[in-house]
Structures are given as structure tokens and as C-alpha cells.
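The sequence shown begins at 509 in the working numbering and counts up one residue at a time. By construction, the Cβ of each residue, glycine as well, lies at the ideal position given by its N, Cα and C atoms. Since this is a predicted model, take the numbers as computed values, not measurements.
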Amino acid sequence: MLAQELAQELLGDPLDDLDTQDPSASDVAAECDLGLQLLRLGADAGSHDQRMQGLRIFCEHRDPRALPLLLPLLEASCPILRMSAVYALGRNPSPLAVEPLLSLLGSDDNGYVRKAVAWSLGNYPEAPVLNPLIRSLQVDIAAVRLWAASSLAEAGCTGPAKADPAAAQLLLSLRIDSEPAVRSNSAWALGRLYGDLVEPRQQVVVEALLHAMVHDAESGVRDEARLALEQLEQPEVLDRLQTLVDEGLLS
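What follows is the structure, given as C-alpha cells:
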């Protein structure tokens, strides 16, 4: 029953709806007021539906008033509530959420919840999220690895000290991960990190992306690697791409 309920809820996975609307400021304020009311009413009445409606609002909008109502839901017995609270805390990041989010990433038994955490931690680049995300990219299920790869790009974009270990794991995942979507996200993330890496690592990244662009078995991965290289806007890289086109290895 729980699996069916999760599947039904995830037809409207909050992650799929982020950044799809551009409401006016007055509309946002009204929505946030409603969201706060729903979360409070849901807590008082123990109503799953009211809390879910409130959580969906804060998956789209930011309001610091929501934080005291969101944090307790990370401990909810229902994984759907935990998952939605995690997404909401990705949209409404707070230092108070870091420790419980990391705990969920490492120990929650529900993959949907861990997937949500992997995404949300990308909005906490100054927090100690780098090593937990690397660990998830190494050992977790594919859906979690996919978002861990993306979030590593955000966590590593604060300078070479974080960018280098993030890139090291992403290079490995680009080469060996069994899931094409994870390899694609790893290629994208490496392109994002390139500017924060020191020169020797930058060259390793270029070579790895070139290899993936030519040799990966999946066209989606090849396309993502090529796009990452093109977006570097490095003349020598663009020259190498043109050479591959001239040699018939790329179209």
C-alpha cells in the first residue's frame, strides 16, 4: 500500500514542479500565508492532506516563517511527508536544517526521501555537504546518485578546495557508473566545476569529457559531454571538437 501511495504522490513529485511558475509578489505572499495556515492546521488536526498542501506551496516559494513548521516534518513517520519537507527545505534553506538533512541522507530507508535530500543539499554549498554527497554518488541507488552528481556541482563551486574532490568523484562516476543518467549529470557537473579547478585537473576533465563524448555507449551521455565542452568556450577545446568533426568522429 505504501509503495502505491508513494507512486501516486510522485506523479506530482515536487521536484518536477520547481521553477515552473512566475507569480506576482502579491500572489506569492498570499500563497505563503495559505501555506503557513495549512501547515499549522495540519499539525493541530494531524491532517496529512493539509500538511501536504502546505508543503507543496513551500516547495515553490521561500518564506522564513515556514522554517519552524518544516523542520519537525523531517521526523514524520510518513515518507511522503518527509520527502516533501526535504524539498521545501531545499527551497527554503536554513543552517538549522543541515544536520537533520544529512542524517536523512545517510540513514533514511526510503529512496525517495534520500533523492530529495540529494537535490536539496545543492542549495547548501557552504555547509559540510561535500563528503556526504560524494558518498551517495558512490554507493546509493541511481535516483540518488543522479541528484548527488548535480548537487556536487553546486557544493564544489565555492573554490578549488571543494571543487577538486568533487571533480575526482564525478570523473570516476562518468567513467564507471552503470546508469546513463548519472553519467550525463556527472558530465554536466564537471562542466560547471571547470572554472573552479586548477589547471592540471582542468585538463583531466577535458580529456574525460572528450572520451565520453566519443566512446560512451549512450547518445545522451555523449551529447551532454559535448555540450559541457562547448560551454567551456576554450579555443583549444573548440579546435579539438572541430578536428573530431573533420575526421568524421562527430557530426
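Let's test the definition: count the other Cβ atoms within 10 Å of the Cβ of residue i and tell me whether it reaches 16, buried, or not, exposed.
i, result
"Gln512", "Residue placement at Gln512 is poorly supported in this model, since its pLDDT is 48, which falls under 50; the coordinates are not used for a value here."
"Ile642", "buried"
"Ser628", "buried"
"Gly728", "exposed"
"Ile588", "buried"
"Val753", "exposed"
"Pro601", "buried"
"Gly667", "exposed"
"Gly756", "exposed"
"His556", "exposed"
Would you check if the distance between the CB atom of residue i and the CB atom of residue j is smaller than 8 Å?
i, j, result
"Leu582", "Phe566", "no"
"Leu613", "Arg599", "no"
"Val625", "Val594", "yes"
"Asp724", "Arg691", "yes"
"Ala671", "Leu705", "yes"
Select from the options the residue whose C-alpha is nearest the C-alpha of residue i.
i, options, result
"Met721", "Ala733, Ser615 and Val713", "Ala733"
"Leu680", "Val536, Val712 and Ser659", "Val712"
"Leu660", "Pro673, Tyr620 and Ile649", "Pro673"
"Pro743", "Ser644, Glu539, Gly543 and Val714", "Val714"
"Leu818", "Leu638, Asp617 and Leu718", "Outside the displayed span of the chain (509 to 759) sits residue 818, for which this structure offers no information."
"Ala584", "Asp616, Glu568 and Gln646", "Asp616"
"Leu645", "Cys665, Pro633, Asn618 and Leu682", "Leu682"
"Ala538", "Met560, Met591, Arg570 and Asp552", "Arg570"
"Leu609", "Tyr620, Asn618 and Leu597", "Leu597"
Report the start-end ranges of each alpha helix (DSSP H) in the stretch 625 to 713 that is 4 residues or longer and not cut off at the edges. 638 to 647, 650 to 664, 668 to 684 and 688 to 701
Taking only runs that begin and end inside the stretch 547 to 609, name each unbroken beta strand (DSSP E) of 3 or more residues, in chain order. none
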